[in-house]
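Chains as they are written, first to last, in full-length UniProt numbering: chain F, 1 to 376; chain Z, 1 to 271.
Even glycine gets a Cβ: it sits at the ideal position worked out from N, Cα and C.
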Ligand SMILES: Nc1ncnc2c1ncn2[C@@H]1O[C@H](COP(=O)(O)OP(=O)(O)OP(=O)(O)O)[C@@H](O)[C@H]1O
Ligand SMILES: [Mg+2]
């Protein structure tokens with residue numbers, strides 16, 4: 001080795017400890033994780049609202065469930081958007097896919113009397129097809145996914161409006177809730193989990209009860225379960241599976257990845273399909289929750305998802321990021337949105353706050369990444 | 001050669017990029033246990049040739065035989081599966097990924113099965129560190145991002161990876177260009193060992209001191225065409241040097257440099 005001798009290199013070569021390796025304290029190694037910035041941000045935002053919104057009901061059990069639900073909805077699409085961004089691509093058609101999927105579920109059920117599960121499967125199949133088309137076009141044309149999915153942003157929104165006007169004459173389809181009870185597939189997207197547990201906790205006085213004696217929180221909304229499940233799945237994929245390694249490689253340098261034997265095209269197509277499918281999960285939850293579909297649903301969700309992913313520490317250029325970071329990004333998003341509501345600040349300011357936060361997050365992440373590369 | 005048919009063979013292969021003719025009518029044979037050195041100027045088509053062999057490019061005309069059987073690789077993954085490992089000139093590394101992730105990219109070792117099937121990181125880290133140690137690089141931390149390695153260290157990761165995964169054919173495109181004397185000699189020893197193990201090796205270099213000791217044969221490319229293959233017995237080191245760089249150019253360079261030196265000395269005497 002022709003490394004220059006350093007003062008602390010006292011033990012000669014052959015010693016167990018490499019003299020060029022400084023032992024880094026735990027916190028310094030934690031700094032080099034992509035989600036560190038988001039974690040710091042989450043703590044900051046949490047602390048802020050704990051002070052500012054104390055006594056407003058934001059941090060009562062039901063208040064917590066509310067902001068977690070907001071975070072969960074965004075988190076579901078942000079997880080998929082994170083994998084896609086790490087894989088080196090964007091999907092701007094997520095929001096329109098949400099609108100279209102809602103319509104595809106509601107119309108067959110309400111207008112044509114399909115069973116719920118069939119309509120849901122139809123929506124998921126169409127989403128898979130849309131994702132595949134996005135990926136295929138990006139692979140085939142070599143165009144930036146920004147352009148291809150921008151086209152689909154308009155195409156899918158137009159289809160949603162066109163189809164529902166053509167078949168129902170309206171842009172809103174209500175009356176879905178009557179078809180939910182008893183449907184095996186719909187039950188995955190509606191209601192709450194652990195109601196028994198919460199009843200039991202309330203009976204022991206661990207959580208408050210309302211005037212009727214029911215627990216203040218009757219269960220965990222399924223959306224939160226979906227969110228946590230998808231985040232765990234994506235984290236598992238990224239950290240522990242060959243496919244996860246291929247995602248990082250495809251986003252880091254598609255050409256080098258291909259030359260090393262990574263099936264880059266298949267990876268990208270599957271990631272586009274995953275975002276479209278996650279948008280459909282979002283749509284299912286929303287349709288079951290509200291009992292209706294609206295062609296304008298999901299507007300701007302694609303940008304919110306990207307914000308969450310970037311706050312979560314992902315690089316816009318691909319090859320770097322984390323699903324846990326995206327989940328924290330979504331959590332920050334949910335806390336800010338509901339925090340502004342609870343503190344009574346005019347909600348007009350929400351978007352200003354959001355934009356500023358995005359800027360701060362990107363600057364902070366850049367700074368941290370430089371620090372991290374030094375720290376290594 | 002003891003073997004009858006070559007391990008890898010190109011028959012009248014041409015490669016066009018639109019109007020650019022990067023390779024024209026190249027024929028080449030490498031037997032197992034043999035090192036073929038590809039020589040030629042910058043832009044002669046050496047990298048294009050080995051990229052065609054490793055599945056990056058598909059030949060426009062002609063065919064390739066591996067172990068006597070015609071092959072047509074849809075992508076580099078297929079060439080790797082067939083036992084052809086390549087160190088590309090640009091190394092094909094992902095800077096933001098760790099040494100281990102790069103080392104096993106596309107070839108991840110797994111444990112468990114079904115949904116619990118996962119990368120065996122412990123094993124992967126150990127192998128990556130061990131293979132790098134063999135080449136003479138003592139890796140501090142296999143989790144280090146490749147982008148933070150020195151140029152030579154990065155080249156060693158790519159070489160160690162190809163040597164580890166190469167089963168039949170090992171292709172090295174200027175693998176020693178950034179290496180120190182020690183690491184370069186290790187790479188040459190690797191090539192000799194691969195040859196002894198019965199691999200067919202294709203080796204590109206601009207350094208005659210690296211090429212001559214390990215090569216069994218030389219193929220000279222010029223402007224996309226082949227000027228022929230020569231066995232080592234038929235050719236001296238000086239002739240190889242002449243073919244590689246144009247020996248005449250080097251001689252005139254020598255004369256020029258001597259001239260510089262003289263004027264330097266004169267100046268220092270004046271001062
Ligand atoms: N994808 C491509 N599209 C167009 N032309 C190409 C392409 N790849 C290579 N070429 C051309 O083919 C010729 C041969 O390139 P190649 O990279 O094979 O040279 P080389 O012999 O490896 O040179 P060097 O010693 O500098 O590495 C060059 O003139 C180059 O411009
Ligand atoms: Mg080259």
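Can you tell me where the beta strand (DSSP E) holding residue 62 of chain Z begins and where it ends? Annotation: the continuous beta strand (DSSP E) that includes residue 62 of chain Z extends over 61-66.
- Counting contacts by CB-CB distance shorter than 9 angstroms, is residue 252 of chain F in contact with chain Z? Yes, because at least one Cβ of chain Z sits closer than 9 angstroms to the Cβ of residue 252 of chain F.
Length at least 3, wholly inside the stretch 153-216 of chain Z: the beta strand (DSSP E) runs in chain order: List check, beta strand (DSSP E) in window: 169-173 and 200-204.
Item checked: Residue of Z/233, Z/207 and Z/71 minimising C-alpha distance to residue 40 of chain Z -> Checking every option, the nearest Cα to that of residue 40 of chain Z belongs to Z/207.
Return helix, strand or coil for residue 36 of chain Z, following the three-state DSSP convention. In the structure shown, residue 36 of chain Z sits in a strand (DSSP, three-state: E or B).
query = How about residue 125 of chain Z: is its C-beta nearer than 9 angstroms to some C-beta of chain F?
reply = It does not; no Cβ of chain F falls within 9 angstroms.
Q. Using 9 angstroms as the limit for Cβ to Cβ distance, is residue 310 of chain F near chain Z?
A. It does not; no Cβ of chain Z falls within 9 angstroms.
Exercise. Can you have a look at residue 15 of chain Z and say buried or exposed, based on whether 16 or more other CB atoms are within 10 angstroms of its CB?
Key: Buried.
Start and end residues, beta strand (DSSP E) containing residue 12 of chain Z: That run of the beta strand (DSSP E) goes 8-17.
- [ ] List in chain order: all unbroken alpha helix (DSSP H) runs of 4+ residues lying wholly within the stretch 86-117 of chain Z.
- [x] Taking only runs of at least 4 residues, the alpha helix (DSSP H) segments lying wholly in the stretch 86-117 of chain Z are 99-103.
Taking the alpha carbon of residue 213 of chain Z as the point to measure from, which residue in Z/226, Z/222 and Z/241 has its own alpha carbon closest? For residue 213 of chain Z, the closest alpha carbon among the candidates Z/226, Z/222 and Z/241 is that of Z/241.
Residue range of the alpha helix (DSSP H) that includes residue 228 of chain Z | For residue 228 of chain Z, there is no enclosing alpha helix (DSSP H); the residue is part of the beta strand (DSSP E) that begins and ends at 225-231.
query = Cβ-heavy atom distance between residue 239 of chain Z and ligand 2 below 8 angstroms?
reply = No, the Cβ of residue 239 of chain Z stays beyond 8 angstroms of every heavy atom of ligand 2.
Exposure of residue 129 of chain Z, with buried meaning 16 or more beta-carbon neighbours within 10 Å:
By the neighbour-count criterion, in which a residue is buried when 16 or more other Cβ atoms sit within 10 angstroms of its Cβ, residue 129 of chain Z is buried.
Requested in this report: List the DSSP bridge partners of residue 218 of chain Z.
Outcome: Paired residues: Z/37 and Z/230.
Check this for me: beta carbons of residue 148 of chain Z and residue 177 of chain Z, under 9 angstroms apart or not?
Remark: C-beta atoms of residue 148 of chain Z and residue 177 of chain Z do not approach each other more closely than 9 angstroms.
Quick check: what's the CA-CA separation for residue 1 of chain F versus residue 350 of chain F? With a pLDDT of 36 at residue 1 of chain F, under the threshold of 50, the modelled position of this residue cannot be trusted; read the value that follows with caution. Rounded to the nearest angstrom, the two C-alpha atoms are 57 angstroms apart.
- Three-state secondary structure (DSSP) of residue 192 of chain F: Secondary structure of residue 192 of chain F (DSSP, three-state): strand.
For residue 204 of chain Z, verify whether its CB is less than 8 angstroms away from any heavy atom of ligand 2.
-> Yes, Cβ of residue 204 of chain Z sits closer than 8 angstroms to a heavy atom of ligand 2.
Please identify the residue among F/223, F/303, F/256 and F/297 whose C-alpha is closest to the C-alpha of residue 67 of chain F. It is F/223.
Inset, instruction - Please list the residues of the stretch 84-108 of chain F that have a C-beta atom closer than 9 angstroms to any C-beta atom in chain Z, keeping them in chain order. - result: Listed by position, the residues of the stretch 84-108 of chain F near chain Z (Cβ gap below 9 angstroms) amount to none.
**Message:** Classify residue 157 of chain F: buried if its beta carbon has 16 or more other beta carbons within 10 angstroms, exposed otherwise.
**Reply:** So residue 157 of chain F counts as buried.
Can you check whether the C-beta of residue 129 of chain F is within less than 9 angstroms of a C-beta belonging to chain Z? Residue contact check for residue 129 of chain F against chain Z: no CB pair falls below 9 angstroms.
Checklist entry - To the nearest angstrom, how far is it from the Cα of residue 139 of chain Z to the Cα of residue 85 of chain Z? => result Per the coordinates, the alpha-carbon of residue 139 of chain Z lies some 22 angstroms from the alpha-carbon of residue 85 of chain Z.
Please determine whether the Cβ atom of residue 201 of chain Z lies at a distance below 8 angstroms from any heavy atom of ligand 1.
Not under cutoff, so the answer is no.
The alpha helix (DSSP H) enclosing residue 76 of chain Z, as first and last residue numbers: Note, residue 76 of chain Z: alpha helix (DSSP H), 76-81.
Secondary structure, alpha helix (DSSP H): runs of 4+ residues fully inside the stretch 316-340 of chain F = Qualifying alpha helix (DSSP H) stretches: none in this window.
| task | Would you kindly report the start and end of the unbroken beta strand (DSSP E) that includes residue 23 of chain Z? | result | Unbroken beta strand (DSSP E) run through residue 23 of chain Z: 20-30.
So does the stretch 168-183 of chain F actually touch the stretch 292-299 of chain F, counting three or more Cβ pairs closer than 8 angstroms?
As far as the Cβ criterion goes, the stretch 168-183 of chain F touches the stretch 292-299 of chain F, which means the pair count is three or higher.
- Item | Residue closest to residue 230 of chain F, alpha-carbon to alpha-carbon, out of F/74, F/139, F/346 and F/122 | The option with the nearest alpha carbon to residue 230 of chain F is F/74.
Q | Under the three-state DSSP convention, the category residue 257 of chain Z falls into | A | Helix, per DSSP.
* Tell me, to the nearest whole angstrom, how far the beta carbon of residue 269 of chain F is from that of residue 247 of chain F; I am working on the premise that it is less than 8 angstroms. => Contact between residue 269 of chain F and residue 247 of chain F fails: their C-beta atoms lie close to 12 angstroms from each other, not under 8 angstroms.
With a Cβ-Cβ cutoff of 9 angstroms, do residue 63 of chain Z and residue 103 of chain Z count as a contact? In this structure, residue 63 of chain Z sits away from residue 103 of chain Z, with a CB-CB distance that is not shorter than 9 angstroms.
Residue 154 of chain Z: contacting residues in chain F (beta-carbon distance under 9 angstroms):
None at all; the shortest Cβ gap to chain F is about 12 angstroms.
Span of the alpha helix (DSSP H), counted from its first residue to its last, around residue 46 of chain Z:
For residue 46 of chain Z, the enclosing alpha helix (DSSP H) has its first and last residue at 46-53.
Original post:
Where in the stretch 229-306 of chain F do unbroken runs of the beta strand (DSSP E), each at least 3 residues long, occur, reported from the N-terminal end onward?
Top reply: Restricted to the stretch 229-306 of chain F, not a single beta strand (DSSP E) segment is unbroken, complete and at least 3 residues in length.
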